[in-house]
Amino acid sequence: MISAFAPGKCILFGEHAVVFGHPAVAVAVDHGVTVSVSESKDWVLEGKPFLKDRHPHISHILENVFQYDGTPLCIDIESSLFSAAGMGSSAALSNALAAAIQCHLKPDEPLDGIKLARIAHSAEASAQKGRASPTDTATSALGGCIVVSDTQVDGTRHIFDTELDTPEGKRHWSVSAVDIPEDLEQSWLVIGYTGEGSSTGSMVAKVADLVSKNPEKMGDLESIGKITKAGLTALSAGNLEALGMAMDACHHKLQSLEVSSNKLDMLVLAARPHSLGAKLTGAGGGGCMVALTTDPKRTSEAIEVAGGIPMISKLGSEGVRIT
Ligand code: PMV
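Next comes the structure, spelled out in structure tokens:
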């Protein structure tokens, strides 16, 4: 049996603004998805017959990417991520599956993070009618801190460029990394799940509608772009206080874009006295918030008391790997 683990992600800065061409910054978290594959008499997924039409990510990777025609496989999936909560669970699943299949077919070939990031991005695109940013897939494949933007952001290390034919035309992204300095090793992220689902598609549509009816809201997106760059500078310099302040400022702008919710605001407010900064993360409307803290136990307790489900992670975990 071969098992591969791929981490989930958390967006630190730039959600929604990235749709309008600004950069997004995401970090890999300690939690993720493990996929195990073993040869079997029949195709089995999670103990049941594998129905490929129901699992577009898995069928795309097996058929279109690897053109798999070997012995049937028994595939098991274990996730420690909150699902439908903006933690990148489908990207982690695609990365872990692609790594496990590659290792099954070519056990001596080392994993190539960029190749896996591209495979997982193609799986997301095929499952989402051609619309998928490479943020989740690249962060899960490569680990650490990843910046996705139309053009490379100053101070980041370029990793690869990628493009996709979307129903709205060709899109191009530059994917870069930021090395997380040692000073940040004493800090933690506490992700707080509201328990409420979040639909990325409808939140993106909501912002598009808000901006078209209130053109001045474009200013909030531009402010998020500036906050993201300030946050990246703070991150690279290991300046925890400035990083936390940028997260607070980002939440304020996301509130102005009407993508926060009462529960998200409650968890952010509960976490702040015990954190360096806190904000919603991802599409908003539900899903999760994230706090940066040097006292993860205290921050988790505050989030729990306010009705959230906390999850502690270091900042920028390792990317996809065979376990
Ligand atoms: O739902 P999430 O956490 O993957 O966040 C989506 C981020 C958005 O900027 C809102 C949408 C996007 O495609 O980048």
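Counting in this note's numbering, the sequence shown tops out at residue 328, every number present.
We put the CB at the ideal spot given by N, CA and C, even for glycine.
Given the structure is predicted, the values throughout are model-derived calculations rather than measurements.
Item: Cβ-Cβ distance between Gly5 and Thr144 below 8 Å; Value: There is no way to answer for residue 5, as the model of the chain reaches only from 6 to 328.
Item: Same chain, Cβ closer than 6 Å to Ala9, five either side skipped, listed in chain order; Value: Val40, Ala101, Ala104, Ala105 and Ile327
Item: The ligand PMV heavy atom lying under 7 Å from the CB of His177; Value: no
Item: Boundaries (first-last residue) of the beta strand (DSSP E) holding Val295; Value: Cys293 to Thr298
Item: Environment of the ligand PMV in chain order, Cβ to heavy atom below 5 Å; Value: Glu20, His21, Val23, Gly91, Ser138, Thr205, Gly287 and Ala288
Item: CA-to-CA distance, Ile66 to Ile124, given in whole angstroms; Value: 7 Å
Item: Inter-residue Cα distance where the pair is Ser203 and Trp178; Value: 25 Å
Item: Inter-residue Cα distance where the pair is Lys175 and Glu168; Value: 7 Å
Item: Gly37, enclosing beta strand (DSSP E) - first and last residue; Value: Ala29 to Glu44
Item: Length of the line joining the Cα atoms of Val32 and Thr171; Value: 25 Å
Item: Which of helix, strand or coil DSSP assigns to Gly174; Value: strand
Item: Spatial neighbours of Phe18 in its chain, beta-carbon cut-off 6 Å, leaving aside the 5 residues before and after; Value: Val30, Thr233, Gly236 and Cys255
Item: Cβ-based neighbour list, Cys79, same chain, cut-off 6 Å, excluding 5 preceding and 5 following; Value: Ser43, Ser45 and Val49
Item: Cβ neighbours of Ala307 in the same chain (closer than 8 Å, five flanking residues each side left out); Value: Ala275, Ala276, Pro278 and His279
Item: For Ile185 and Gly321, believed in contact at Cβ under 8 Å, the rounded distance; Value: 5 Å
Item: Cβ-Cβ distance between Val273 and Lys284 below 8 Å; Value: yes
Item: Contact set for Leu121: own chain, Cβ-Cβ below 7 Å, skip 5 residues either direction; Value: Asn100, Ala103, Ala104, Ala146 and Val325
Item: Test item: CB-CB of Leu4 and His62 under 8 Å; Value: Residue numbering for the chain in the displayed model covers 6 to 328; residue 4 lies beyond these limits and cannot be assessed.
Item: Same chain, Cβ closer than 8 Å to Val209, five either side skipped, listed in chain order; Value: His21, Val24 and Ala288
Item: Where Ser95 falls, given that 16 or more other Cβ within 10 Å makes a residue buried; Value: buried
Item: Residue closest to Ala334, alpha-carbon to alpha-carbon, out of His60, Thr298 and Met250; Value: This structure cannot settle anything about residue 334, because the visible part of the chain is limited to 6 through 328.
Item: Rounded C-alpha distance that separates Gln260 from Lys222; Value: 11 Å
Item: Nearest-angstrom Cα separation, counted from Asn219 out to Ser266; Value: 20 Å
Item: Pro115 in three-state terms, based on DSSP; Value: coil
Item: Pick from Leu86, Ser138 and Ser64 that is closest to Ala11, judged by C-alpha positions; Value: Leu86
Item: Range covered by the beta strand (DSSP E) that runs through Thr286; Value: Gly282 to Thr286
Item: Inter-residue spacing [alpha-carbon to alpha-carbon] between Leu189 and His109; Value: 37 Å
Item: Whole-angstrom C-beta distance between Cys293 and Gly91, which should lie under 8 Å; Value: 6 Å
Item: 7 Å Cβ shell around Thr76 - same chain, five flanking residues per side excluded; Value: Glu44
Item: Whole-angstrom C-beta distance between Val183 and Ser241, which should lie under 8 Å; Value: 6 Å
Item: Whole-Å CB distance - Val153 paired with Phe165, under 8 Å assumed; Value: Incorrect: roughly 11 Å between the Cβ atoms, too far for contact.
Item: Other residues of its chain near Glu309: CB distance less than 7 Å, five sequence neighbours each side excluded; Value: Pro315
Item: Ordered list of beta strand (DSSP E) runs contained in the stretch 94-175, each at least 3 residues; Value: 150-154 and 162-171
Item: Every unbroken alpha helix (DSSP H) inside the stretch 186-269 [4 residues or more]; Value: 205-218, 223-242 and 245-261
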